[in-house]
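First the structure, in the form of structure tokens, and then the observations on it.
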Amino acid sequence: GQPFAERVARPAGDAPVQELIARVEARLREEPGDGQGWTVLAPVYLKQGRNHDAARAYGRAIALLGENRVRLRGLAEAPLAAANGMVVQPARDAFRKLLAKQPKLIAPRFWLAVGLEQDGKRDAATTAYQAILKDGTVDGKNKLPPTIRHMIEQRLAAVTGKAAAP
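Sequential numbering of the sequence shown, starting at 3, is according to our numbering.
Put into structure tokens, the structure is as follows:
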């Protein structure tokens, strides 16, 4: 209900989240080449469920600042969330790029396996899930937490039709 000038003049710590987002969006309209601004805004959009906006923001950040683990993961997660867990092509592409940089990361390996499962490629999905379990790490170093191991075992069981280990 306040005029824009009064809202913008208010200290950021006192402003509601939507107002802070509006400030960043206004700044990015003035300075669309601000890669850091897009990097900051993208995960906020994702957290709010503004998945298409998040994908565009991650794409802008990557175009301006280049690919890194955080931006590629966000670029993959946004279309994944927008498609309600369907591993659509933009997500697959981003996950593949992420794996090219860090081949042992579990999240991209897992989601690409889910994509194979969704495509009806049960044998390939089985092989992918088994490879993750055999590797037994999240990133080539840290052991898979039991909850993640169990989740992968459940997916594997669903694909193979064999009961998962208790």
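C-beta: ideal position from N, C-alpha, C; glycine also.
- Give the DSSP-derived three-state secondary structure of Lys175 in the structure shown. Past the edges of the chain, shown from 3 to 168, lies residue 175, and the structure says nothing about it.
- What residues in its chain sit with their C-beta under 8 Å from that of Gly3, if we drop five residues either side in the sequence? Any reading at Gly3 needs caution, since the residue's pLDDT is 48, under 50, leaving its predicted position unreliable; the model's value is listed next. Excluding sequence neighbours, Gly3 sits near nothing in its chain.
- Query: So, using beta-carbon positions, are Val90 and Leu82 closer together than 9 Å?
  - Reply: yes
- Task: For Gly39, count neighbouring Cβ atoms within 10 angstroms of its own Cβ and tell me buried if that reaches 16, exposed if not.
- Result: buried
- Message: Ignoring anything shorter than 4 residues, give me the alpha helix (DSSP H) runs that lie fully in the stretch 76-122, in order along the chain.
- Response: 91-103 and 108-120
- Query: Ends of the alpha helix (DSSP H) at Glu33?
  - Reply: Per DSSP, Glu33 belongs to no alpha helix (DSSP H) and is neither H nor E.
- Any idea if Ala7 is buried or exposed, counting beta-carbon neighbours within 10 angstroms, 16 or more meaning buried? The predicted position of Ala7 is uncertain, since its pLDDT is 47 and thus under 50; a value taken from the coordinates is nonetheless stated next. Looking at its Cβ environment, which holds fewer than 16 other Cβ atoms inside 10 Å, Ala7 is exposed.
- Limits of the unbroken alpha helix (DSSP H) element including Gly138: First-last for Gly138: undefined, no H or E at that position.
- Task: For Gly163, I'd like the list of residues in its chain whose CB is within less than 7 Å of its CB, leaving aside the five on either flank, ordered along the chain.
- Result: none
- Item | Terminal residues of the alpha helix (DSSP H) in which Gly61 lies | Counting along the chain, the alpha helix (DSSP H) containing Gly61 begins and ends at Asn53 to Leu67.
- Message: I'd like to check one pair, Pro110 with Val142: are the Cβ atoms closer than 9 Å?
- Response: Before going further, note that residue 142 is Gly rather than Val in the sequence given. No. Outside cutoff.
- Message: Closest to Leu100 by C-alpha separation, out of Val116, Val26 and Asn70, would be which residue?
- Response: Asn70
- Item | Closest by C-alpha distance to Ala93, when choosing among Ala165, Ala130 and Leu74 | Leu74
- Taking the C-alpha atoms as reference points, what is the distance between Leu118 and Lys49? 27 Å
- Message: Using the three-state DSSP reduction, which class does Ala7 fall into: helix, strand or coil?
- Response: Confidence in Ala7 is poor, its pLDDT being 47 and thus under 50, which makes the residue's placement unreliable; the coordinate value appears in the next sentence. DSSP places Ala7 in helix when its eight states are reduced to three.
- Leaving out five residues on either side along the sequence, give the residues of the same chain with a beta carbon under 6 Å from the beta carbon of Arg9. In this prediction, Arg9 has a pLDDT of 44, which is less than 50 and means its spatial position is unreliable; what the coordinates show is noted afterwards. Answer for Arg9: Glu21, listed in chain order.
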